[in-house]
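Which chain is which? The protein sequence lines are A and B, in order. To convert, note that position 211 of the first sequence is 244 in this note's numbering; the numbers rise steadily by one, no gaps. To convert, note that position 14 of the second sequence is 16 in this note's numbering; the numbers rise steadily by one, no gaps.
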Amino acid sequence: MRLIEILRMIGINLVQNKSKVLLTSLGIIIGTLTIILVIAIGQGGEEQIAAQFSNMSAETIYINMSYSPNLNYETVSHLNEEHLKQIKEENSYLRMIYLRAISYKMVTIKGDKKNFTIVGVTEGYSEISNLLITQGNDFSEEDMLDAKRVVVLGYNIASEAFFEPENAIGEFIRIGDYQYEIIGVLEKKSEGLQGFSPDESIIIPFSTAENNDLFDKYAIPQAVGLVISTKEIKQAINRIQSTLDYMLEDSSMYVIEDAGGRIDAATASARMMKMLLISIATIVFVVGGIGIMNVLFVSVKERTKEIGVLKALGTSKRDILLQFLLESVGIGVFGGIVGVAMSYVALPFMKYTDIPVAASINGQIVALIFAVTTAGLFGFYPAYKASELKPIDALNYE
Amino acid sequence: MNEIVSLRNIDKSYTIANEKLQVLKHINLTITKGDYIAILGASGSGKSTLMNVIGCMDTADAGEYCLDGVDVGSCSEHELSVLRNEKIGFIFQKYHLIPQYTILQNVILPLLIQRKSRLDATSIAEEYIKMVGLWERISHKPNELSGGQQQRMAIARALVTTPALLLADEPTGALDSQTGKEILSLFQKLNDMGNTIIMITHDTKVAEHSKRIFHLNDGVLN
Ligand SMILES: Nc1ncnc2c1ncn2[C@@H]1O[C@H](COP(=O)(O)OP(=O)(O)OP(=O)(O)O)[C@@H](O)[C@H]1O
Ligand SMILES: [Mg+2]
Numbered sequence: 034m035r036l037i038e039i040l041r042m043i044g045i046n047l048v049q050n051k052s053k054v055l056l057t058s059l060g061i062i063i064g065t066l067t068i069i070l071v072i073a074i075g076q077g078g079e080e081q082i083a084a085q086f087s088n089m090s091a092e093t094i095y096i097n098m099s100y101s102p103n104l105n106y107e108t109v110s111h112l113n114e115e116h117l118k119q120i121k122e123e124n125s126y127l128r129m130i131y132l133r134a135i136s137y138k139m140v141t142i143k144g145d146k147k148n149f150t151i152v153g154v155t156e157g158y159s160e161i162s163n164l165l166i167t168q169g170n171d172f173s174e175e176d177m178l179d180a181k182r183v184v185v186l187g188y189n190i191a192s193e194a195f196f197e198p199e200n201a202i203g204e205f206i207r208i209g210d211y212q213y214e215i216i217g218v219l220e221k222k223s224e225g226l227q228g229f230s231p232d233e234s235i236i237i238p239f240s241t242a243e244n245n246d247l248f249d250k251y252a253i254p255q256a257v258g259l260v261i262s263t264k265e266i267k268q269a270i271n272r273i274q275s276t277l278d279y280m281l282e283d284s285s286m287y288v289i290e291d292a293g294g295r296i297d298a299a300t301a302s303a304r305m306m307k308m309l310l311i312s313i314a315t316i317v318f319v320v321g322g323i324g325i326m327n328v329l330f331v332s333v334k335e336r337t338k339e340i341g342v343l344k345a346l347g348t349s350k351r352d353i354l355l356q357f358l359l360e361s362v363g364i365g366v367f368g369g370i371v372g373v374a375m376s377y378v379a380l381p382f383m384k385y386t387d388i389p390v391a392a393s394i395n396g397q398i399v400a401l402i403f404a405v406t407t408a409g410l411f412g413f414y415p416a417y418k419a420s421e422l423k424p425i426d427a428l429n430y431e
Numbered sequence: 003m004n005e006i007v008s009l010r011n012i013d014k015s016y017t018i019a020n021e022k023l024q025v026l027k028h029i030n031l032t033i034t035k036g037d038y039i040a041i042l043g044a045s046g047s048g049k050s051t052l053m054n055v056i057g058c059m060d061t062a063d064a065g066e067y068c069l070d071g072v073d074v075g076s077c078s079e080h081e082l083s084v085l086r087n088e089k090i091g092f093i094f095q096k097y098h099l100i101p102q103y104t105i106l107q108n109v110i111l112p113l114l115i116q117r118k119s120r121l122d123a124t125s126i127a128e129e130y131i132k133m134v135g136l137w138e139r140i141s142h143k144p145n146e147l148s149g150g151q152q153q154r155m156a157i158a159r160a161l162v163t164t165p166a167l168l169l170a171d172e173p174t175g176a177l178d179s180q181t182g183k184e185i186l187s188l189f190q191k192l193n194d195m196g197n198t199i200i201m202i203t204h205d206t207k208v209a210e211h212s213k214r215i216f217h218l219n220d221g222v223l224n
């Protein structure tokens with residue numbers, strides 16, 4: 034038979050058996066959709082972790098206050114720029130280090146009063162913490178030395194108050210008694226395991242914050258540094274420890290941690306989640322496959338008689354198999370495409386839940402392959418069995 | 003070479019639950035071009051089994067079968083399907099039409115199998131559909147037709163390839179006597195035009211329309 038005629042027959046069969054085709058497709062659609070969603074969730078989780086760590090490199094070292102319930106904020110010894118200088122000087126493993134302290138202050142932006150996170154930083158903060166300035170400029174050396182009243186705004190603050198972040202440059206905000214000029218806006222970061230969220234923070238030179246009394250007693254400075262190479266993290270930490278030991282009255286109040294450890298832990302849990310999702314996807318493959326197999330198997334088996342008629346009229350086995358293979362592959366392609374289309378509706382809804390999702394072409398391709406192969410396989414096999422029968426047996430099949 | 007069918011010592015048996023049932027016993031039959039024969043026999047005597055062997059729908063256990071000069075016993079599966087398509091027009095007791103296709107789609111099928119173009123196939127099929135008087139119903143489906151109309155549709159489908167041999171298994175079995183007569187006069191017309199026909203029936207009156215009558219009793223033909 035000519036291929037075009039086989040295709041025409043398939044067309045007639047599909048149109049004539051609309052409800053059966055839809056029933057078969059339904060299983061394929063649900064299977065496809067589930068696979069896309071599972072993959073999107075897996076991808077989403079991975080991307081979320083990647084985003085969290087995009088601000089952080091494994092070379093990062095933190096010197097943090099180790100908080101305990103009986104911590105005395107009045108007497109605890111504070112890290113200062115002197116300490117940092119000393120640490121840097123005595124440590125060849127350390128590339129750079131900066132000091133920062135976080136406090137919360139009432140800030141007036143464009144007449145609106147609100148509480149904001151204020152982060153006082155010393156030089157090197159943007160490089161070490163991976164914070165880029167998209168609009169305007171970063172603090173100059175002079176700003177830092179002279180404790181100028183200038184600030185850099187987090188992306189969300191700037192875009193909420195000034196609509197376009199670029200409009201913020203040159204404007205003033207008021208903190209306490211003084212006006213501070215906005216000289217720059219940070220790039221959007223979404224997330225940060227920095228101890229603060231850059232998008233929602235106001236960055237200010239450490240000296241400026243100190244001079245203008247913006248730090249309260251709870252704003253305990255911490256230091257963030259970069260080592261030259263991840264291989265030397267242990268040595269760098271040990272060296273910092275010994276510097277702190279002699280410089281601070283009670284160095285035990287501070288802990289030195291590296292980001293690598295945190296990243297490792299998070300990556301390990303991400304891998305766990307991925308494995309979990311892969312097992313779910315496998316179950317979906319198997320269960321969905323069996324469901325599709327059942328429906329398709331029965332509906333093709335029911336047509337054994339039709340195969341008998343085709344054989345009786347002299348259709349070659351090849352043409353019969355081609356017809357049934359293409360027909361079930363057609364159903365698979367149809368179901369798969371509808372499933373992919375429905376994922377475009379379903380995925381945006383997932384955004385309303387707390388589950389992070391990321392649609393991916395890969396997911397769609399995997400799901401389509403699943404749809405087409407299961408449909409092709411389970412439509413082909415019973416047709417193959419029927420075509421193996423003697424014409425008379427296929428014809429008299431009940 | 004006027005021999006269309008030549009059966010020599012054909013045997014056929016079925017085995018059900020370890021019990022062998024010999025259905026055809028040393029069947030010998032020769033049919034020449036233009037013949038019109040009837041095979042009479044009681045139910046279960048093996049008529050359909052014989053017909054299926056002649057129609058290359060089933061294979062015999064032993065014996066020789068020559069169809070229009072071709073040794074059927076030595077044919078491959080593919081060659082058998084070509085034989086069925088080109089040499090045989092089979093009219094089944096139960097019609098065996100494909101339900102989702104219209105009359106035209108059913109009738110052109112044997113021609114499409116021959117890789118004829120749709121245009122050619124359609125014009126040939128239309129001729130036969132007219133001949134069996136179903137022209138007005140050409141785009142109807144089998145379940146929209148009466149039994150007699152379905153039988154005529156099956157006849158048109160059997161004829162489109164101008165086969166060397168027309169086989170009819172109880173063509174009037176499911177029809178009332180009036181419709182049965184119409185079918186039989188159609189067969190008469192086809193035979194007058196030179197078609198070779200083998201018809202199965204258990205009705206002596208129907209058998210009398212043929213030129214020669216054979217009797218099948220418990221698998222023995224005489
Ligand atoms: N596929 C089969 N398997 C086993 N036995 C079969 C098979 N087909 C037919 N038979 C047996 O072979 C015998 C002959 O059957 P056949 O169909 O040839 O009879 P028939 O003469 O056509 O009868 P009817 O007039 O009722 O159609 C019967 O006893 C039947 O039970
Ligand atoms: Mg019979």
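Positions of the beta carbon are idealized from the N, C-alpha and C atoms, including for glycine.
I think residue i touches residue j, with their Cβ atoms under 8 Å apart; what is that distance to the nearest whole Å?
i      : j      : result
B/I6   : B/L167 : 5 Å
A/G77  : A/V390 : 4 Å
B/E79  : B/T163 : Actually they do not touch by this definition, with Cβ atoms about 19 Å apart.
B/A123 : B/L136 : That belief does not hold up - the Cβ atoms of B/A123 and B/L136 are roughly 17 Å apart, past 8 Å.
B/I200 : B/L223 : At roughly 12 Å, the Cβ-Cβ gap does not stay under 8 Å, so B/I200 and B/L223 are not in contact.
B/Q95  : B/D171 : 5 Å
A/G228 : A/I130 : So it is not a contact: roughly 16 Å between Cβ atoms.
Might you give, ordered along the chain, the residues of its own chain that have their beta carbon closer than 7 Å to the beta carbon of residue i, omitting 5 neighbours on each side?
i      : result
A/V260 : E92, I94, Y126, L127, R128, I266, A269
A/S58  : I364, F367, G368, V371
B/Q153 : Y97, P173, L177, I185
B/G75  : E66, Y67
A/M42  : Q356
DSSP state of residue i, grouped into three classes?
i      : result
B/T34  : strand
A/S3   : It is not possible to answer for residue 3 of chain A, since the shown part of chain A is limited to 34 through 431.
B/Q102 : coil
B/N4   : coil
A/P198 : helix
B/H80  : helix
A/A180 : coil
B/A176 : coil
A/P238 : strand
B/V72  : strand
A/V288 : strand
B/K22  : strand
A/V378 : helix
B/S15  : strand
B/Q151 : helix
A/G228 : coil
A/Y430 : coil
Looking only at its chain, what residues have a beta carbon closer than 8 Å to the beta carbon of residue i, apart from the 5 residues adjacent to it on each side?
i      : result
B/N108 : L99, I100, P144, M155, R159
B/Q24  : D13, K14, S15, G221
A/V140 : K146, K147, N148, F149, I151, I206, R207, I208, I235
A/E233 : F149, T150, G187, N189, I190
At what residues does the beta strand (DSSP E) containing residue i begin and finish?
i      : result
B/T203 : 199–203
A/I142 : 127–142
A/G434 : Since the first and last residues shown for chain A are 34 and 431, residue 434 of chain A lies out of range.
A/F149 : 145–154
B/E146 : Note, B/E146: premise wrong, no beta strand (DSSP E); not H, not E.
B/Q95  : Careful: B/Q95 lies outside any beta strand (DSSP E) and carries neither H nor E.
A/Q168 : 166–169
Going by beta carbon distance, what residues of the same chain come within less than 6 Å of residue i, once the five residues before and after it are set aside?
i     : result
A/T67 : V317
B/G43 : K49, L218
B/R86 : C58
What span of residues does the alpha helix (DSSP H) with residue i cover, start to end?
i      : result
B/G135 : Where B/G135 is concerned, there is no enclosing alpha helix (DSSP H), given that its DSSP letter is neither H nor E.
A/E122 : 114–122
A/Q255 : Run containing A/Q255: none in the alpha helix (DSSP H); it sits in the beta strand (DSSP E), 255–260.
A/Q397 : 394–421
A/D232 : Note, A/D232: premise wrong, no alpha helix (DSSP H); not H, not E.
Residues from the stretch 400–428 of chain A in contact with chain B, defined by Cβ distance under 9 Å: So the close ones are K423, P424, I425, D426, L428.
Members of the stretch 340–360 of chain A near chain B, C-beta cut-off 9 Å: Cβ proximity to chain B below 9 Å picks out G341, V342, L343, K344, A345, L346, G347, T348, S349, K350, R351, D352 from the stretch 340–360 of chain A.
Contact residues within the stretch 133–158 of chain B, judged by C-beta distance below 7 Å to chain A: none
Chain A contacts from the stretch 67–88 of chain B (Cβ-Cβ distance under 9 Å): E79, H80, L82, S83, V84, L85, R86, N87, E88
Chain B contacts from the stretch 36–48 of chain A (Cβ-Cβ distance under 7 Å): E38, I45, N46
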